[in-house]
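Sequence positions in the sequence shown follow my numbering and run 146 to 453.
Beta carbons are placed, not taken as given, at the ideal position from N, Cα and C, and that holds for glycine.
From a predicted model like this one, the values you see are computed outputs, not experimental measurements.
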Amino acid sequence: MTRLPIIIDTDPGQDDAVALLMAMSARDRLEVVGITTCAGNVPLELTTANALRIVELAERMDIPVRAGCPRPIMRPLVTAPEIHGETGLAGTDLPAPRSRAQQGHGVPWLIETLLGAPEPITVCTLGPMTNLAVALIMEPRITAHIAEIVSMGGAFSGGNLMPAAEFNIFVDPEAASIVLGCGRPITLIPLDCTYQVRAVPQRLAAISAIGTKAATVVAQIMSYRATSEGGEGRPVHDACVIAYLLKPELFGGPTVPVQVETASQLTRGTTLMDRRGRSGRPANCRVLTEANTDGFFSLLGGLLAALP
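#1: Is there contact here, the segment 280 to 293 with the segment 192 to 206, by at least three beta-carbon pairs under 8 Å?
#2: Report the start-end ranges of each alpha helix (DSSP H) in the segment 268 to 332 that is 4 residues or longer and not cut off at the edges.
#3: Alpha carbons only, please: which of E257, G272 and L271 is nearest the one belonging to P265?
#4: Could you pull out every residue in the same chain whose Cβ sits closer than 7 Å to the Cβ of H229, ignoring the five residues on either side in sequence?
#5: As a quick exercise: from M274, A309 and G261, pick the residue whose alpha carbon is nearest that of A289.
#6: Tell me where the beta strand (DSSP E) around I180 begins and ends.
#7: Whose C-beta lies closer than 7 Å to the C-beta of G425 among residues of the same chain, with five residues either side of it excluded?
#8: Whole angstroms is fine: what's the gap from L271's alpha carbon to Y369's?
#9: Counting pairs of beta carbons, one from the segment 209 to 221 and one from the segment 332 to 348, are three or more of them closer than 8 Å?
#10: Which whole-angstrom value describes the C-beta separation of A320 and M274, a residue pair presumed to lie in contact below a C-beta threshold of 8 Å?
#11: Could you tell me which uninterrupted alpha helix (DSSP H) segments, each at least 4 residues in length, are contained entirely in the segment 214 to 240, listed from first to last along the chain?
#12: Going by DSSP, name the residue or residues bridged to G435.
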């Protein structure tokens, strides 16, 4: 089976860590060309260190990690220590990484890698879309070299940071607007979908029972403040991106026009889905609104069992 080449842009973050572990475990299906980090859940220095920790946990030091943008394009950085803890990986005590990020900024690497790839690459964004947006501004030719963009972001039935906005989009709405308008196929996975995928206690117990180091870490970090997001069990938001790539049949949703609010302070970062076609704009996103939760956790368990 041909492996799907992907780049993961991320701000680890607990659910980002789960997504990274899933992608690195699925080595027969996914070719992780590289990981770029951005500021988001915690500042850039911590997201980069956390990405390195997860790469080392998975024993996938063959995958390069590069640090990207330390702040949004136009706004001060907003972080989420109340969800992820001060380190971004609260709940576990992974040691400081032994390895270092690759030399050079993540954005030029994104551009060079996409332009030089033998086939288009799928770009997965698990945090604010700053790095990809800056790359699109610097070198618009990369659009032809992106097979698909799969992003965890957005909310259509209420936000998690603000009443109407989801965290990743709220942190850098200008970046999200640029990416969603780039003209490439986009799959957007909003809170409406990810809130269905919750690590409730019985699922955490099953993950812990797998017994691998990776499974133990996932059970620990997803147990941290387990009722902090409006219900029993932490949603495994970003991991839905990797699950979709591996088993798209677990998800469903329409292809519709989506825009991002960038001007209003009241509704900053709101994603507006035009379900009825009133705007006259072309459909630019497939928006996933349905998830097979049992299927997701079955997939996650198998991938964690295959890791150290």
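So, from the data block:
#1: no
#2: 275 to 283, 312 to 316 and 318 to 325
#3: Start at 1 with the first residue of the sequence shown, and residue 265 comes out as number 120. The shortest Cα separation from P265 among E257, G272 and L271 belongs to E257.
#4: Position 84 of the sequence shown, counted from the start, is the residue given in the question as residue 229. For H229, where only same-chain residues beyond five positions count, the Cβ hits under 7 Å are G158, Q159, N186, V187 and A235.
#5: As a working note, residue 289 is residue 144 in the sequence shown. The candidate whose alpha carbon is nearest that of A289 is G261.
#6: Translated into the one-based positions of the sequence shown, residue 180 becomes position 35. Taken as a continuous stretch (DSSP letters only), the beta strand (DSSP E) holding I180 covers L175 to T182.
#7: For the purposes of this step, residue 425 is taken as the residue at position 280 of the sequence shown. Cβ neighbours of G425 beyond the five flanking positions: none.
#8: Taking the sequence shown and counting its residues from 1, the one referred to as residue 271 is at position 126. Taking the sequence shown and counting its residues from 1, the one referred to as residue 369 is at position 224. If I take the Cα positions, the gap works out to 20 Å.
#9: no
#10: Here residue 320 refers to the residue found at position 175 when the sequence shown is read from its first residue. Here residue 274 refers to the residue found at position 129 when the sequence shown is read from its first residue. A320 to M274, Cβ: 4 Å. Contact.
#11: 226 to 229
#12: Working through the sequence shown from its first residue, we reach residue 435 at position 290. The residue asked about is misnamed: residue 435 is Glu in this sequence, not Gly. BP columns for E435 point to G397.
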